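Read top to bottom, the protein sequences are chains C and P. Our numbering puts the first residue of the first sequence at 1, with every later residue one more than the last. Our numbering puts the first residue of the second sequence at 1001, with every later residue one more than the last. Beta carbons: idealized from backbone N, C-alpha and C, even for Gly. Keep in mind it's a predicted model, so treat the numbers as computed, not measured. Worksheet: the structure to be examined is printed underneath.
Number of protein chains: 2
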Amino acid sequence: MELPKETLHGKWYDDACGTAFALEVIGERWALLVVRELMLGPLRFSDLRGGLPGISAKILTERLAGLERAGVVQRRQLPPPAAAQVYALTEWGLLAEPAIQELGRWAARSPAHDPQLPLSPVSLMMSLRTMLDRKAARDVTADVGFAIAGQEFRARLADRKLPIVREPVAGAEVIARAPQAALIAGAIYDGLDPADLTGLSITGDLRQWRRFARLFSLPPKVG
Amino acid sequence: MELPKETLHGKWYDDACGTAFALEVIGERWALLVVRELMLGPLRFSDLRGGLPGISAKILTERLAGLERAGVVQRRQLPPPAAAQVYALTEWGLLAEPAIQELGRWAARSPAHDPQLPLSPVSLMMSLRTMLDRKAARDVTADVGFAIAGQEFRARLADRKLPIVREPVAGAEVIARAPQAALIAGAIYDGLDPADLTGLSITGDLRQWRRFARLFSLPPKVG
DNA sequence: CAGAATCCCATTCGATACTG
DNA sequence: CAGTATCGAATGGGATTCTG
């Protein structure tokens, strides 16, 4: 039997540079996207697959094992009666968020970036944290629920911070519901009127939704 | 004849998330390290190889072609009599610096990171820009020359900013010379006395060197 | 020296099928 | 659901050769 392939080769680059070490940990295909999916909380194997269109069970298994060896991911046994296994980021894994955000922010500035591709609910939530205009968000508070393709999130804006957690939307000031994340992206980043987007429904304080949505914008393209 | 293999597959991940697009551009092995090496200015093919221990000519050729197609790198023909070809980052490529820095900063917090591996001169210079303590640097100015393994850089600290350019060291307030970057890293990050590091020489205003060196520190490890 | 082209092998990927 | 097993295809990377 072969060794289970090590993500942490340690000899990939033979370079003391931190960036090189980061690439040894999350530089394999899919690895960083797995981390992204876990950024908003633990997930089960099949939920991970759901957020990563196209990843195979084999590769996901390998990546999770590698990330676990590297100390980015932890496997957790949920107590009965759930009896399910979930994958969670470690403390260090959680700290990767700024790096993920900077990569996203950078890529979004390329004219070649196509924002029309499928978008996972987590991607959209993460993009809100990335693209929040913190100047404009000064003195704004909001409690917004998102229900996207069966997943529920709660974003609470205060003090220019925007924590987002997996949590039932019930009780939020505004709730956005959509079968796909792209609809909500259209309403926020393209400034489209929610009424024009079939499938999207905004319930609750609509005025508050508009105020919230205006706080996000994509970075300008270069060139 | 085959298509020259596209770095910009566009179908790698099929994901609108900016991070996923970034990975399509710089997610292949070595790609981001090539970008790192170019971050301080254009280089020739063989200089790139020098800073990337272990990359083969074939792979470097492929990555440069892919990065050029993606709009990260530009090929430039130097005017005669130089008659050399160099690779430079595009405007967008240059904007990748924060992402590279965040990845490095994150990786440096892992207990598993081994800073004893070989370090390219560019890596060290980039790490200074990353690890500068901008609070401590308030009201400090400095003009420091680095001559490492034949490459010369000039770092000018002012207004908490630290531009570093390839430029002769002559005329700087302090000049650090060393055959390998690791020696200078030891003097800065490990706080070692330059006098104890054989091969390292600091000339010029030594007091200024100490003030400068104290402005840099590695992030705390997690766990 | 600066690459492009070729050959070749090891590793990795990804689709499908299978199992507890 | 949560993975394993398997296999063909794609990619990675070393060595060598060829060119300007």
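Report task. Could you tell me which residues DSSP pairs with D1143 of chain P in its beta bridges? Result -> P:R1156
Query - chain C residues whose Cβ lies nearer than 9 angstroms to that of R1210 of chain P - result: The premise fails here: R1210 of chain P is roughly 23 angstroms from chain C at the closest Cβ pair, so nothing lies under 9 angstroms.
Query raised in the report: Residues of chain C with CB under 8 angstroms from E1225 of chain P, in chain order?
Result: Any property of residue 1225 of chain P remains undetermined from this structure, which presents chain P solely from 1001 to 1223.
Query raised in the report: Could you give the distance in angstroms between the alpha-carbon of P53 of chain C and the alpha-carbon of P118 of chain C?
Result: 8 angstroms
Requested in this report: Measure the C-alpha to C-alpha separation of L124 of chain C and R154 of chain C and round it to an integer number of angstroms.
Outcome: 13 angstroms
Query raised in the report: Does DSSP classify Y1087 of chain P as helix, strand or coil?
Result: strand
Query - Through-space distance from L132 of chain C to V1165 of chain P, alpha-carbon basis - result: 33 angstroms
Query raised in the report: DSSP state of K5 of chain C, grouped into three classes?
Result: Low confidence applies to K5 of chain C: its pLDDT is 44, below 50, so where it sits in the model is not reliable enough to give any reading.
**Report entry** Outcome for R1138 of chain P when other beta-carbon atoms lying within 10 angstroms are tallied against a minimum of 16
**Finding:** exposed
Report task. For A1178 of chain P, count neighbouring C-beta atoms within 10 Å of its own C-beta (all shown protein chains included) and say buried if the count is 16 or more, exposed if not. Result -> buried
Requested in this report: Classify K1005 of chain P as buried or exposed, calling it buried when 16 or more other Cβ atoms lie within 10 Å of its own Cβ.
Outcome: With a pLDDT of 41 at K1005 of chain P, under the threshold of 50, the predicted position of this residue should be treated as unreliable, though the coordinate-derived value follows. Flag for K1005 of chain P reads exposed.
Query - Buried/exposed call for L206 of chain C, threshold 16 Cβ in 10 Å - result: exposed
Requested in this report: For G1104 of chain P, go through chain C and note every residue whose CB falls closer than 7 angstroms to its CB, in chain order.
Outcome: C17, G18, T19, A22
Report task. Would you mind telling me which residues of chain P sit closer than 7 angstroms to L117 of chain C, beta carbon to beta carbon, in chain order? Result -> D1014, D1015, A1016
Report task. Just tell me which of C:P111, C:R69, C:M126 has its CA closest to the CA of F146 of chain C. Result -> C:M126
**Report entry** Given A84 of chain C as reference, the closest of C:W92, C:R75, C:T90, C:E91 once Cα atoms are compared
**Finding:** C:R75
Query - Under 9 angstroms from the C-beta of L33 of chain C: neighbouring residues of chain P - result: Y1013, D1015, C1017, T1019, A1020, L1023
Query raised in the report: Taking DSSP as the reference, what is the three-state secondary structure of G1204 of chain P?
Result: strand
Query raised in the report: For chain P, is any of its Cβ atoms less than 8 angstroms away from the one on D47 of chain C?
Result: no
Query raised in the report: Out of curiosity, what's the CA-to-CA distance linking R214 of chain C and K135 of chain C?
Result: 12 angstroms
Query raised in the report: Out of curiosity, what's the CA-to-CA distance linking M39 of chain C and L32 of chain C?
Result: 10 angstroms
Query raised in the report: Does the distance from the CB of L1157 of chain P to the CB of A1176 of chain P come in under 8 angstroms?
Result: no
Query raised in the report: In or out: T1019 of chain P buried (at least 16 other Cβ within 10 Å) or exposed?
Result: buried
Query raised in the report: Looking only at C-alpha atoms, which of P:Q1151, P:P1168, P:D1193, P:I1188 sits nearest to S1120 of chain P?
Result: P:Q1151
Query - Within chain P, the residues that P220 of chain C reaches when beta carbons sit closer than 9 angstroms - result: Under the 9 angstroms cutoff, chain P gives no residues; its nearest Cβ is about 11 angstroms from P220 of chain C.
Query raised in the report: If we cut at 8 angstroms on Cβ distances, does E1091 of chain P have a partner in chain C?
Result: yes
**Report entry** Cβ-Cβ distance between V35 of chain C and G93 of chain C below 8 angstroms
**Finding:** yes
Query raised in the report: Can you name, in chain order, every residue of its own chain whose Cβ lies under 8 angstroms from the Cβ of Q1116 of chain P, other than the five neighbours on each side?
Result: A1182
Query raised in the report: Do R1109 of chain P and P1194 of chain P have their C-beta atoms within less than 8 angstroms of each other?
Result: no
Query raised in the report: What residues match up with A1112 of chain P in a beta bridge as DSSP calls it?
Result: In DSSP, A1112 of chain P forms no bridge with anything.
Query raised in the report: Going by Cα to Cα distance, which pick from C:L103, C:L95, C:R129, C:D143 is closest to V1025 of chain P?
Result: C:L103
**Report entry** Which residues DSSP lists as bridging K1161 of chain P, in chain order
**Finding:** P:A1158
Query raised in the report: If we call anything under 8 angstroms between Cβ atoms a contact, is A142 of chain C one with E173 of chain C?
Result: yes
Report task. Under 8 angstroms by Cβ, that's how I've got Y87 of chain C and P42 of chain C pegged, so tell me the actual separation to the nearest angstrom. Result -> 6 angstroms
Query raised in the report: Below 8 angstroms between beta carbons: does that hold for A1107 of chain P and F21 of chain C?
Result: yes
Requested in this report: Starting from the Cα of L1128 of chain P, find the closest Cα among P:F1212, P:G1027, P:G1223 and give me that residue.
Outcome: P:F1212
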